[in-house]
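**Q**
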Amino acid sequence: MNSTLSLNRPVRNYTLGSFKNPKLIEARPSRHQLCSHLIDFSKLKWFGNVNSRTGSSVQQQLRDYSGESRRITSRRIRVSSNDAQFGSFPNKGGTESSSFAEFITSERVKVVAMLALSLALCNADRVVMSVAIVPLSLAHGWSRSFSGIVQSSFLWGYLISPIAGGTLVDYYGGKAVMACGVTLWSLATFLTPWAAENSLLALLFARAMLGVAEGVALPCMNNMIARWFPSTERARAVAMAMAGFQLGNAIGLTLSPILMSQGGIFGPFVIFGLCGFLWVLVWLSATSSTPDRSPQISKYELDYIMNKRQKSHAVESKPKTKMIPPFRRLLSKMPTWSLIVANAMHSWGFFVILSWMPIYFNSVHHVDLRQAAWFSAVPWCMMALTGYLAGLWSDTLIRNGTSITLTRKIMQSIGFVGPAVALVGLTAAKTPSTASAWLSLAVGLKAFSHCGFLVNLQEIAPHYSGVLHGLSNTAGTFAAIFGTVGAGFFVELVGSFQGFLLLTSLLYFLAALFYIKFSTGERVNFDESADS
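Quick note: the sequence shown uses full-length UniProt numbering, first residue 1, plus one each step.
1) Measure the alpha-carbon distance for R28 versus T336 and round it to whole angstroms.
2) Less than 8 Å between the beta carbons of G252 and V109, yes or no?
3) Does the contact criterion of 3 or more C-beta pairs under 8 Å hold for the segment 117-137 versus the segment 239-257?
4) By the 10 Å Cβ neighbour count, where 16 or more other Cβ atoms means buried, how is R293 classified, buried or exposed?
5) Suppose the cutoff is 6 Å on Cβ atoms and the five residues either side in sequence are ignored; what does the same chain contact list for G444 look like?
6) Could you tell me whether the segment 498-515 touches the segment 390-399, using the rule of 3 or more Cβ pairs below 8 Å?
7) Return the Cβ separation of F351 and G211 in integer angstroms, given the expectation that the two are a contact with Cβ distance under 8 Å.
8) So the alpha helix (DSSP H) residue 541 belongs to, where does it begin and stop?
9) Using only the alpha-carbon positions, how far apart do G488 and V364 sit?
10) Please determine, among M411, A188, L426, the residue with the shortest C-alpha to C-alpha distance to Y388.
11) Under DSSP, the alpha helix (DSSP H) around A429 begins and ends at which residues?
12) Contact defined as beta carbons within less than 8 Å: I believe M129 pairs with Q151. What is the distance between those atoms, to the nearest angstrom?
13) Helix, strand or coil: which one does DSSP assign to V378?
14) Please go through the segment 105-193 and give each complete alpha helix (DSSP H) segment of 4 or more residues, from N-terminal end onward.
15) What is the DSSP secondary structure of H450, reduced to helix, strand or coil?
16) Between which two residues does the alpha helix (DSSP H) holding R236 run?
17) Given a threshold of 16 other Cβ atoms within 10 Å of its Cβ, counted over all protein chains shown, does V146 qualify as buried or as exposed?
18) So, is A139 buried or exposed, given that buried needs 16 or more other C-beta atoms within 10 angstroms?
19) Between the alpha carbons of M345 and V524, how many angstroms are there, rounded?
20) At which residue ranges does the segment 388-429 contain complete alpha helix (DSSP H) runs of 4 or more residues, listed in the order of the chain?
21) Taking the alpha carbon of V424 as the reference point, which residue from A196, R328, I133, L503 has its own alpha carbon closest?
22) Since G264 contacts T189 with CB under 8 Å, what's their CB separation in whole angstroms?
23) Buried or exposed: where does F277 fall if 16 or more other Cβ atoms within 10 Å of its Cβ makes it buried?
24) In whole angstroms, what separates the C-alpha of I163 from that of K430?
25) Express the C-alpha separation of E492 and G141 in angstroms, rounding to a whole number.
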């Protein structure tokens, strides 16, 4: 048997005498490669005869060391089933591949699960007023138009915070800003009953503060995912987080009446507020802003994340972002405008469907309002499911060699063209069940946008993803206000919902074309005035 270690073929066995070769000393094989099944103990001449007492002792020590090494390896390193042999981490792309079992039990999934919970609370705190506004209006004698003003007070705060919040996220990181945001919006929710009982101005202020605090939620989510997930997993991570966001609608709408029946009108505000405070305590104690600062993360997972991100411009690879971002250069690039247009259209469709579909089912299909709420709630559960499936597909495309740019355009095209076609079908629906099916299809396909423009924010501007999200979110809030208010005037002017649905469908088609034309999955240089 050849006693030297060959570097150009798989290693099966060798002797410690081989380490006299200086080339092998430079190679410094890792301890995981020195397992007992790779060593021929009969060749350990350097230690003497293995049958002697000394040789037997050394042999037993090496066996003990090898067994301990295997135990450490089994705890700390999980190898994908695609690997050819033990210790063979690289896949075809030259980086490690993460198995589903490793992914679902990893520290980064714990982070995204906490983000999903925060976004669920975000939407639940937002929509609880949609349920409480009916008894509040009856108790205070508010007109329908004034009730609309009370509900819109949330958007007053939400309009001003995304840009400032995004800037803070880029500077201080997502963990700290998210903790402050959840604390503030939970406090605003918790104090809403007191505000409503004391003065109308206090109530409007509490709702506006809720909007200000919730304006940082999505920029924080984007920042944390960009730091914790490699590009081949980001769409899946965003889909998981946004699933919580969509389920928050269902949670708020379904639990609020139950809590009101048990604890009065203000029961949901108190319960959801306390849940937010509890979330903050867990978030601060159990998560870290970046993987390398986490005391719970395994060495394998940390190496996996860092190795995957070496080719994708890690966020921490440059000095800290300037407090005042380069707004002029951000707005001078067409990829920025593709994201702004996409977010605006996404928000238009989201808030129009959220606000007007119960009334649509009631006025067009003559369904009872309670049943109409259920017809309108089903699509949001569909959106959570299809969003996760879209994330899996998107990440699979990238791992299989599809460019990030093409993948984002495919996802965004489905997320806009799909709802556009479904809304056309909705206008022709003759029964409530058919209409609900078309609406579920529209909202479900709309979730593909989360794997389009929403992930794209992290890719073109890793250092300015927070403020860029804030810019696009502000445009989305304007679009949401204009679409929600404009729908009412349009229906009064034309006399039907069908015309507004067709208008929304046309806007979806135009926004898809704009995004396909000007978007990119490559990093855009916003630090120089020259075009990139």
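We put the beta carbon where it would ideally sit given N, CA and C, even for glycine. Just so you know, these numbers come straight off a predicted model, no measurement behind them.
**A** This is what the structure gives:
1) Locating residue 28 in the sequence shown gives position 28, where the first residue counts as 1. Locating residue 336 in the sequence shown gives position 336, where the first residue counts as 1. Any reading at R28 must be qualified, since the residue scores a pLDDT of 43, below 50, and its modelled position is unreliable; no value is offered.
2) For this step, residue 252 is matched to residue 252 along the sequence shown. For this step, residue 109 is matched to residue 109 along the sequence shown. Result no, Cβ atoms of G252 and V109 do not sit closer than 8 Å.
3) The answer is yes - the segment 239-257 touches the segment 117-137, with three or more Cβ pairs under 8 Å.
4) Locating residue 293 in the sequence shown gives position 293, where the first residue counts as 1. Answer is exposed; the Cβ neighbour count stays below 16.
5) What you label residue 444 is simply residue 444 of the sequence shown in a count that begins at 1. Excluding residues within five positions, the ones whose Cβ falls inside 6 Å are M382, M383, T386.
6) Cβ pair count under 8 Å is below three, so no.
7) Translated into the one-based positions of the sequence shown, residue 351 becomes position 351. Translated into the one-based positions of the sequence shown, residue 211 becomes position 211. Rounded, the Cβ-Cβ distance is 13 Å, inconsistent with contact.
8) What the structure shows of the chain is the stretch from 1 to 532, and residue 541 is not part of that stretch, so it cannot be assessed.
9) To locate residue 488, count along the sequence shown from 1; it is residue 488. To locate residue 364, count along the sequence shown from 1; it is residue 364. Rounded to the nearest angstrom, the gap between the Cα atoms of G488 and V364 is 14 Å.
10) What you label residue 388 is simply residue 388 of the sequence shown in a count that begins at 1. For Y388, the closest C-alpha among the options M411, A188, L426 is that of M411.
11) Stepping through the sequence shown from its first residue, residue 429 is reached at position 429. Here A429 belongs to no alpha helix (DSSP H), and DSSP marks it neither H nor E.
12) Residue mapping note: residue 129 aligns to position 129 of the sequence shown, counting from 1. Residue mapping note: residue 151 aligns to position 151 of the sequence shown, counting from 1. Contact holds; Cβ gap of about 6 Å.
13) Counting from one through the sequence shown, the residue named residue 378 turns up at place 378. DSSP places V378 in the helix class (H, G or I) of the three-state scheme.
14) Counting only unbroken stretches of 4 or more residues, the alpha helix (DSSP H) elements lying wholly within the segment 105-193 are 107-140, 144-172, in sequence order.
15) For the purposes of this step, residue 450 is taken as the residue at position 450 of the sequence shown. The three-state reading of DSSP puts H450 in helix, counting H, G and I together.
16) For this step, residue 236 is matched to residue 236 along the sequence shown. First-last of the alpha helix (DSSP H) with R236: 234-263.
17) As a first step, residue 146 must be located in the sequence shown, where it is residue number 146. Note that residue 146 corresponds to Phe in the displayed sequence, not to Val. The Cβ neighbour count for F146, taken over all protein chains shown within 10 Å, is under 16; the residue is labelled exposed.
18) Within the sequence shown, residue 139 is the residue found at index 139, counting from 1. It counts as exposed.
19) Working through the sequence shown from its first residue, we reach residue 345 at position 345. Working through the sequence shown from its first residue, we reach residue 524 at position 524. Rounded to whole angstroms, the separation of the alpha carbons of V524 and M345 is 23 Å.
20) At a cut-off of 4 residues, the continuous stretches assigned as alpha helix (DSSP H) that sit fully inside the segment 388-429 are 404-427.
21) Numbered from its first residue, the sequence shown carries residue 424 at position 424. Residue nearest to V424 within the set A196, R328, I133, L503 is L503 (criterion: CA-CA distance).
22) In the sequence shown, the residue the question calls residue 264 occupies position 264. In the sequence shown, the residue the question calls residue 189 occupies position 189. Not quite, the Cβ-Cβ distance comes to about 15 Å (not below 8 Å), so this is no contact.
23) Residue 277 sits at position 277 when you count from the first residue of the sequence shown. The residue in question, F277, is exposed, as its Cβ has fewer than 16 Cβ neighbours within 10 Å.
24) Within the sequence shown, the letter at position 163 stands for residue 163. Within the sequence shown, the letter at position 430 stands for residue 430. Across the structure, I163 and K430 are spaced so that their CA atoms are roughly 43 Å apart.
25) The residue labelled residue 141 in the question sits at position 141 within the sequence shown. The residue labelled residue 492 in the question sits at position 492 within the sequence shown. So the two alpha carbons sit approximately 25 Å from each other.
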